[in-house]
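Protein chains in written order, with my numbering: chain S, 18 to 359; chain B, 18 to 359; chain R, 18 to 359; chain C, 18 to 359.
There are 4 protein chains.
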Amino acid sequence: MYLFRNDYSFGAHPKVLEALSASNLEGNPGYGFDPHCEAAAARIKELCQAPQADVQFLIGGTSANFTAIAAFLRPWEGVFCAQTGHVNGHESGAVEATGHKLLPLEAGPDGKLTPALIEAALPAYEDIHLVKPRLVYISDATETGGVYTKAELEALSACCRAHDLLLFLDGARLGCALTSPANDLTLPDLARLTDAFYIGGTKNGALMGEALVLVNPALQGDFFRIKKQRGAVLAKGWLLGAQFEALLKDDLYFQLARHSNDMARKLQDGLKAKGYSFLFESPSNQIFPIVPDAILPELERICAFEVWGAAPEADHTVIRLVASFATEPSDVDGLLNEFPLP
Amino acid sequence: MYLFRNDYSFGAHPKVLEALSASNLEGNPGYGFDPHCEAAAARIKELCQAPQADVQFLIGGTSANFTAIAAFLRPWEGVFCAQTGHVNGHESGAVEATGHKLLPLEAGPDGKLTPALIEAALPAYEDIHLVKPRLVYISDATETGGVYTKAELEALSACCRAHDLLLFLDGARLGCALTSPANDLTLPDLARLTDAFYIGGTKNGALMGEALVLVNPALQGDFFRIKKQRGAVLAKGWLLGAQFEALLKDDLYFQLARHSNDMARKLQDGLKAKGYSFLFESPSNQIFPIVPDAILPELERICAFEVWGAAPEADHTVIRLVASFATEPSDVDGLLNEFPLP
Amino acid sequence: MYLFRNDYSFGAHPKVLEALSASNLEGNPGYGFDPHCEAAAARIKELCQAPQADVQFLIGGTSANFTAIAAFLRPWEGVFCAQTGHVNGHESGAVEATGHKLLPLEAGPDGKLTPALIEAALPAYEDIHLVKPRLVYISDATETGGVYTKAELEALSACCRAHDLLLFLDGARLGCALTSPANDLTLPDLARLTDAFYIGGTKNGALMGEALVLVNPALQGDFFRIKKQRGAVLAKGWLLGAQFEALLKDDLYFQLARHSNDMARKLQDGLKAKGYSFLFESPSNQIFPIVPDAILPELERICAFEVWGAAPEADHTVIRLVASFATEPSDVDGLLNEFPLP
Amino acid sequence: MYLFRNDYSFGAHPKVLEALSASNLEGNPGYGFDPHCEAAAARIKELCQAPQADVQFLIGGTSANFTAIAAFLRPWEGVFCAQTGHVNGHESGAVEATGHKLLPLEAGPDGKLTPALIEAALPAYEDIHLVKPRLVYISDATETGGVYTKAELEALSACCRAHDLLLFLDGARLGCALTSPANDLTLPDLARLTDAFYIGGTKNGALMGEALVLVNPALQGDFFRIKKQRGAVLAKGWLLGAQFEALLKDDLYFQLARHSNDMARKLQDGLKAKGYSFLFESPSNQIFPIVPDAILPELERICAFEVWGAAPEADHTVIRLVASFATEPSDVDGLLNEFPLP
């Protein structure tokens with residue numbers, strides 16, 4: 018059974034586990050006020066060339082998304098996101114549960130938002146009987162593996178600033194985005210172009226944890242109080258700091274992400290060679306082949322995957338296959354070998 | 018420096034760490050739908066003699082408290098708690114952030130609620146311009162280390178049922194409660210007498226995690242959806258299951274708690290012998306000596322502790338000292354040795 | 018200047034004003050616990066043939082919508098509505114501000130939901146990482162003047178019951194719906210087929226006020242507490258009761274609505290005769306002619322109306338014209354006379 | 018039966034009713050964007066000598082309180098109020114339903130907050146595991162009829178500014194406060210010393226309506242969107258403007274309030290002469306005599322009043338008697354005549 022269902026089926030990279038063991042009996046202060054969190058935050062600010070940023074560790078992506086959005090917005094403000102955005106389709110109404118309306122825009126199959134989509138939507142909200150759009154939520158990589166280029170993010174950032182919109186980037190898969198062949202963005206670019214973004218640990222070698230980088234000074238200050246209020250503070254907070262310390266040492270974080278991308282590309286190339294087409298040719302660690310419904314039972318016997326939805330072609334289904342830091346080349350070869358022809 | 022600040026300064030018991038390592042590369046399904054969570058939940062139901070219960074793992078105590086309360090209540094319903102209850106004084110308004118009013122009652126220094134306190138408060142709420150009390154929140158052990166007896170919990174449970182109030186027990190320190198010399202309650206008693214309670218992992222040998230036992234069938238059903246919505250679901254959910262499996266094997270959970278209590282009692286006895294009095298003679302792992310303000314600077318040099326508040330005596334302060342699974346007898350001896358006379 | 022902007026530009030019908038004056042110095046109990054509210058509620062239950070219903074008066078439509086939805090749902094439950102539904106497009110995120118996600122469905126130009134729309138959407142929500150659809154919000158008449166037939170509402174009601182969905186009907190324009198030539202529903206039908214609905218006063222002869230009929234006993238009970246909590250209780254509550262007493266006497270409510278419909282139809286027929294087409298041929302008091310953009314400036318000089326949106330035809334706009342209880346036949350004749358040709 | 022239960026048992030002053038009738042068929046724009054609201058707002062800014070203020074009309078006191086608090090605060094911020102404050106004891110958890118924790122302080126029997134109360138409470142909230150106090154809610158007159166002096170409000174205002182706290186004044190009974198013999202404050206003082214306050218109409222001659230004066234520019238801007246979202250916007254918004262126009266013409270508002278105070282003082286003096294003592298000697302339109310429980314049944318036969326709570330003296334009860342614009346001297350004389358001796 019080949020496991021390509023997602024990038025959180027395996028625990029942590031061995032070096033991360035070692036770091037946890039090493040910190041186990043140190044006797045650290047609680048709630049993230051410890052030397053590990055301090056060192057990891059300092060390293061992140063250095064990598065981002067953003068000394069003024071505030072780095073906050075949270076336990077997971079959904080937490081990071083709704084806590085940040087609830088912290089940033091006033092009650093009458095809404096959130097532009099892609100129809101396919103994680104906040105809209107996978108978080109059980111978490112943003113709405115904080116009182117904010119999501120305003121989904123119809124992005125293309127790569128899941129990326131554009132200034133054109135935003136500017137087409139904005140005029141309707143001049144009506145003061147509606148919520149006021151105030152934040153643009155994007156993910157890099159997107160839900161469907163899309164990766165923003167520097168030109169795209171610069172255009173989006175300029176659009177947001179022109180319209181007094183905050184730009185918040187969900188980086189649950191940021192490692193895979195920044196190491197994708199399609200990418201020309203850097204961490205300092207993100208710090209320059211967004212108001213806040215996070216560096217995802219859960220899906221790239223950590224047991225859990227996201228490092229939220231609050232770049233915009235107006236968003237800093239009392240963040241800990243709302244992080245606590247929304248349940249995103251770990252009592253043993255150093256566990257998050259220690260994991261990010263390990264991941265950010267010797268480029269491990271990016272090595273793991275690059276590996277995930279490589280494994281996914283190898284699989285995508287192999288399937289293409291077998292004659293498969295794709296929802297969208299993904300440049301990161303998730304790929305979306307279109308398969309005949311007839312082979313689904315066979316596929317379920319040989320690998321773990323997710324059904325993504327019906328394909329435009331009749332009797333075909335889009336599936337998702339995801340590679341992770343733990344995917345071995347032999348897993349890819351094995352799956353390609355057993356994968357039926359379309 | 019002796020570390021008695023809290024019971025979450027150390028990571029996990031070695032057997033718990035081993036279990037995490039062992040599960041690291043198994044390739045488990047996400048979100049808690051894995052064999053470890055299944056086995057741990059089954060074991061908990063067995064220990065509670067509650068086959069009909071629904072066991073849900075959450076990442077921490079604050080999460081468990083507000084997610085459960087938000088799940089159980091309708092918008093106009095309020096929560097009786099002790100003035101000193103964790104939900105009232107330590108969670109940054111987390112329950113109110115879900116829309117519910119806390120209705121604090123003045124408990125004594127042991128932090129325990131009684132039917133008398135509840136019944137004295139109830140009549141005012143017949144006024145329909147107020148919220149309707151619908152849930153009683155208690156902790157065992159309490160914030161000040163108090164431990165409920167079976168007679169006390171039976172009386173409270175009967176009071177709740179008579180007044181159509183749900184009884185919810187915060188068990189962040191349940192291990193220490195159930196292994197306290199003052200205790201005569203069992204897990205099956207809790208399952209019989211409450212509507213829901215949780216078995217705390219974070220403060221008793223786990224890296225993180227609480228096992229919420231939904232006993233009342235009316236509170237079961239869709240709990241996962243709100244757990245997800247409130248950020249309390251770990252993507253790598255098996256991490257919680259695997260830790261509880263390890264803790265519940267061979268009575269480890271209770272051994273660790275008993276050890277914490279023993280260390281705290283040893284410290285309390287030693288301080289009493291030195292002439293100290295206490296806010297309240299605690300039967301569990303937290304103790305509250307009253308110390309002259311003059312020795313605080315010296316204390317800060319020799320040990321980590323928390324200031325709990327001003328003492329009734331002038332120029333005295335109540336401090337909190339907490340023992341944990343990682344406290345060694347030599348730590349207690351060392352601290353007692355260096356602790357100044359009152 | 019002919020006023021067709023909306024059906025709330027004028028105050029109350031003279032008989033309603035008289036009732037308010039008559040009650041002015043009676044000295045009534047507050048908050049709706051007075052003989053007028055009692056009598057109006059009794060009359061509504063009688064008209065609905067629903068002796069078991071609970072009738073609650075609220076101050077306005079937005080209040081009625083979000084208070085009812087917040088009262089009916091658990092935090093993880095969502096609301097199916099038409100994309101064009103008032104809750105989705107005109108209430109500044111009021112439902113989301115209570116924590117609930119709206120799940121808009123693409124209704125046709127008449128704004129009506131169908132079992133097919135609901136049943137096509139339902140399967141996706143079996144995924145427990147999403148909110149659980151639990152309530153279907155419809156309006157009769159709809160935002161675009163559409164009116165449900167008995168067969169349609171019966172089908173919708175059966176669909177809701179089959180899928181454990183509550184059916185909630187926004188009746189801000191219920192008078193115009195029930196007196197439309199397209200209608201074959203009665204108040205007892207509504208009480209039989211929905212779980213809750215309201216009889217709108219604001220848009221049909223009252224200064225303000227909606228009468229919410231809670232038919233489903235499971236939705237009754239503590240409603241006053243949440244009505245108070247959400248600001249929908251008037252201190253001088255009898256003002257709402259007295260207005261509904263006046264409106265429901267001698268069929269006044271339905272006469273006013275029938276008049277509004279007649280005026281709108283007269284206008285629609287007149288414009289059709291002039292060569293205009295419509296977004297949708299409305300059977301109630303709102304009509305939606307499609308006009309060339311070139312005549313908009315001229316229209317703005319002669320009448321008050323609302324721009325509804327761009328028409329499918331290039332250089333054309335859909336406008337909304339609304340008749341009310343206060344519209345005179347001479348207003349319609351005058352407007353038709355001055356209305357430019359298309 | 019003498020009616021002294023509250024100051025909202027009667028409708029509107031005849032001049033207010035006339036204004037409503039006069040505006041009835043004018044055909045006004047909706048939602049408060051009409052000449053009446055404009056004129057009333059301009060008049061209020063003039064009376065307050067606050068040309069920069071934003072005046073917003075809301076339908077009632079509870080709405081005004083929770084909408085303003087929700088608009089002003091960030092999610093982790095809390096509200097100091099008197100234990101007896103209307104937001105804490107009479108609004109069914111409305112503020113908590115917006116997500117904010119109330120932090121009640123123990124005011125004296127006059128219900129007034131002081132800098133000392135606030136400054137004693139503040140230090141505990143430096144703990145970032147708690148909410149951050151950010152707003153002080155006071156009422157003038159208070160729930161028990163207390164009236165702030167200029168010196169008191171200046172001290173409170175200075176305290177708030179020193180501690181970065183917003184000062185919000187609930188003026189549901191502001192007319193009675195400002196016309197009390199105990200008062201030396203003016204509307205311009207309120208505009209200078211608070212961040213926002215409201216001028217209550219409901220309890221002083223209007224059918225309903227409160228005029229919220231947003232003095233602090235940082236609190237202005239998008240207020241309409243949240244007012245709409247929270248159900249506090251009347252479709253026929255001019256009804257509120259027209260009532261305030263009438264009340265503010267020829268000093269009517271203050272005449273009515275002065276009359277209410279006079280009637281209450283006459284009653285208080287008469288009861289004192291009969292030998293009664295009071296919870297607190299009220300200088301405004303609510304008085305709180307302490308009566309032997311034995312006379313309660315007799316009292317219930319002769320007048321409408323509210324039981325306020327048990328008196329310190331055994332077998333005695335504090336009751337509330339309230340005078341309003343509609344109270345006649347003969348009502349007071351009649352009640353005094355029939356009121357039993359203590």
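Glycine included, every Cβ here is placed at the ideal spot set by N, Cα and C.
query = Can you find a C-beta in chain S that's less than 9 Å from the C-beta of R/L119?
reply = Mapped onto the third sequence, residue 119 of chain R falls at position 102. True, the Cβ-Cβ gap to chain S drops below 9 Å.
query = Using a C-beta to C-beta distance shorter than 8 Å, which residues of chain C count as neighbours of B/P164?
reply = The residue given as residue 164 of chain B occupies position 147 in the second sequence. Reading the sequence as shown, one finds Val at residue 164 of chain B and not Pro. By Cβ distance, chain C contributes nothing, its closest Cβ being about 24 Å from B/V164, past 8 Å.
ask   = I think C/F271 touches C/L170, with their Cβ atoms under 8 Å apart; what is that distance to the nearest whole Å?
value = Here residue 271 of chain C is taken as the residue at index 254 of the fourth sequence, counted from 1. Here residue 170 of chain C is taken as the residue at index 153 of the fourth sequence, counted from 1. 18 Å between Cβ atoms; not a contact.
message = So with CB distances below 7 Å, who are the chain C contacts of R/M280?
response = Counting from one through the third sequence, the residue named residue 280 of chain R turns up at place 263. Here the premise fails: no neighbours, minimum Cβ distance about 14 Å.
request  = Taking B/L265 as the reference, give the member of B/L186, B/R22, B/A36 with the closest Cα.
outcome  = Taking the first residue of the second sequence as 1, we reach residue 265 of chain B at position 248. The option with the nearest alpha carbon to B/L265 is B/A36.
ask   = Is the region 254-268 of chain S touching the region 66-86 of chain S in the sense that three or more CB pairs, one from each, lie closer than 8 Å?
value = yes
Backbone secondary structure at S/T84 - three-state DSSP = Position 67 of the first sequence, counted from the start, is the residue given in the question as residue 84 of chain S. Residue state, collapsed to three classes: helix.
message = Per the DSSP calculation, B/D187 is bridged to which residue(s)?
response = Here the question's residue 187 of chain B lines up with position 170 in the second sequence. Looking at the DSSP assignment, B/D187 forms a beta bridge with B/S156.
Interfacial residues, the region 64-90 of chain C to chain R, with Cβ spacing under 9 Å = L75, I76, G77, G78, T79, S80, A81, N82, F83, T84, A87
request  = Determine, using beta carbons only, whether S/G102 and S/P126 come nearer to each other than 9 Å.
outcome  = Taking the first sequence and counting its residues from 1, the one referred to as residue 102 of chain S is at position 85. Taking the first sequence and counting its residues from 1, the one referred to as residue 126 of chain S is at position 109. Going by C-beta atoms, S/G102 is not nearer than 9 Å to S/P126.
task = For B/G292, name the three-state secondary structure that DSSP assigns.
result = Counted from its first residue, the second sequence places residue 292 of chain B at position 275. Note: B/G292 maps to coil in three-state DSSP.
ask   = Does B/P234 get closer than 9 Å to chain R when you measure Cβ to Cβ?
value = For this step, residue 234 of chain B is matched to residue 217 along the second sequence. Closer than 9 Å: no.
ask   = Bridge partners of R/C320, per DSSP?
value = For this step, residue 320 of chain R is matched to residue 303 along the third sequence. DSSP output for R/C320 lists R/Y19 as bridge partner(s).
query = What is the DSSP secondary structure of B/V72, counted as helix, strand or coil?
reply = Counted from its first residue, the second sequence places residue 72 of chain B at position 55. In the structure shown, B/V72 sits in a strand (DSSP, three-state: E or B).
key: Sequence-distant residues of its chain with Cβ nearer than 6 Å to S/A343 (five each side left out)   = In the first sequence, counting from the first residue as 1, residue 343 of chain S sits at position 326. If we look at S/A343 and ignore the five residues flanking it on each side, its Cβ neighbours are F27.
query = Which bits of chain R does S/E143 rub up against, with CB to CB less than 7 Å?
reply = Within the first sequence, the letter at position 126 stands for residue 143 of chain S. Residues of chain R passing the Cβ test: none, with the nearest at roughly 12 Å.
request  = Run through the region 206-264 of chain B for me and flag every whole alpha helix (DSSP H) of 4 or more residues, listed as ranges in chain order.
outcome  = 240-246
ask   = Are the Cβ atoms of S/A213 and S/L182 separated by less than 9 Å?
value = One-based indexing of the first sequence puts residue 213 of chain S at position 196. One-based indexing of the first sequence puts residue 182 of chain S at position 165. No, they are not a contact pair.
message = As an exercise, report each continuous beta strand (DSSP E) stretch of at least 3 residues that is fully enclosed by the region 34-65 of chain C, in chain order.
response = none
task = Quickly, what does DSSP pair C/V308 with across the bridge? List them, please.
result = For the purposes of this step, residue 308 of chain C is taken as the residue at position 291 of the fourth sequence. According to DSSP, C/V308 bridges with C/T334.
message = Measuring straight from C-alpha to C-alpha, what distance separates C/S341 and C/A99?
response = The residue labelled residue 341 of chain C in the question sits at position 324 within the fourth sequence. The residue labelled residue 99 of chain C in the question sits at position 82 within the fourth sequence. Each residue's alpha carbon lies about 24 Å from the other.
Cβ neighbours of S/A58 in the same chain (closer than 6 Å, five flanking residues each side left out) = As a first step, residue 58 of chain S is located in the first sequence; it is residue number 41 there, counting from the start. Closer than 6 Å at the Cβ level, and outside the excluded window around S/A58, lie V72.
task = Between the Cα of S/S197 and those of S/A281, S/I135, S/L296, spot the shortest distance and give me the residue it belongs to.
result = Numbered from 1 along the first sequence, position 180 holds the residue referred to as residue 197 of chain S. Answer by Cα proximity: S/A281.
ask   = Counting only beta-carbon atoms, is C/R337 nearer than 9 Å to chain R?
value = Start at 1 with the first residue of the fourth sequence, and residue 337 of chain C comes out as number 320. Chain R contact via Cβ: absent.
inquiry  = Measuring straight from C-alpha to C-alpha, what distance separates R/E55 and C/G326?
reply    = Here residue 55 of chain R refers to the residue found at position 38 when the third sequence is read from its first residue. Here residue 326 of chain C refers to the residue found at position 309 when the fourth sequence is read from its first residue. Spanning the two alpha carbons is a distance of roughly 29 Å.
query = From which residue to which residue does the beta strand (DSSP E) around B/E94 run?
reply = Within the second sequence, residue 94 of chain B is the residue found at index 77, counting from 1. From DSSP, the beta strand (DSSP E) with B/E94 extends over 94-99.
request  = For chain S, find out if any of its Cβ atoms is closer than 9 Å to the Cβ of R/T115; answer yes or no.
outcome  = Here the question's residue 115 of chain R lines up with position 98 in the third sequence. By this cut-off, R/T115 is an interface position.
task = Using only the heavy atoms of the ligand MN, determine whether one of them is closer than 8 Å to the beta carbon of B/E136.
result = No copy of the ligand MN appears in this structure; indeed no ligand is present at all.
query = Exposed or buried, what is S/T161 when buried is set at 16 or more other beta-carbons lying within 10 Å of its beta-carbon?
reply = Along the first sequence, read from residue 1 onward, the residue named residue 161 of chain S stands at position 144. S/T161 is buried by the Cβ-count criterion.
task = Mind checking who C/P121 pairs with in its DSSP beta bridge?
result = Walking along the fourth sequence from the start, residue 121 of chain C turns up at place 104. The partner list for C/P121 (beta bridge, DSSP) reads C/C98.
Contact set between R/W325 and chain B, taken where Cβ atoms lie within less than 7 Å = The residue you call residue 325 of chain R lines up with position 308 of the third sequence. Ordered by position in chain B, no residue passes the 7 Å Cβ test against R/W325, which lies about 34 Å from the chain.
ask   = CB S/L191 to CB S/K32, shorter than 9 Å?
value = As a position in the first sequence, residue 191 of chain S is number 174, starting the count at 1. As a position in the first sequence, residue 32 of chain S is number 15, starting the count at 1. No.
ask   = Can you name, in chain order, every residue of its own chain whose Cβ lies under 6 Å from the Cβ of B/I216, other than the five neighbours on each side?
value = Counting from one through the second sequence, the residue named residue 216 of chain B turns up at place 199. For B/I216, where only same-chain residues beyond five positions count, the Cβ hits under 6 Å are G188, L191, A228.
request  = Give a yes or no on whether the C-beta atoms belonging to R/Y154 and R/F97 are separated by under 9 Å.
outcome  = Here residue 154 of chain R refers to the residue found at position 137 of the third sequence. Here residue 97 of chain R refers to the residue found at position 80 of the third sequence. It is a contact, given that the beta carbons lie within the stated cut-off.
For S/A150, three-class secondary structure by DSSP = As a working note, residue 150 of chain S is residue 133 in the first sequence. In the sequence on display, residue 150 of chain S carries Pro and not Ala. The answer is strand: DSSP assigns S/P150 an E or B state.
query = Can the beta-carbon of B/K118 be found closer than 9 Å to that of C/G116?
reply = In the second sequence, residue 118 of chain B corresponds to position 101, counting from 1. In the fourth sequence, residue 116 of chain C corresponds to position 99, counting from 1. Not in contact: B/K118 and C/G116 (Cβ atoms no closer than 9 Å).
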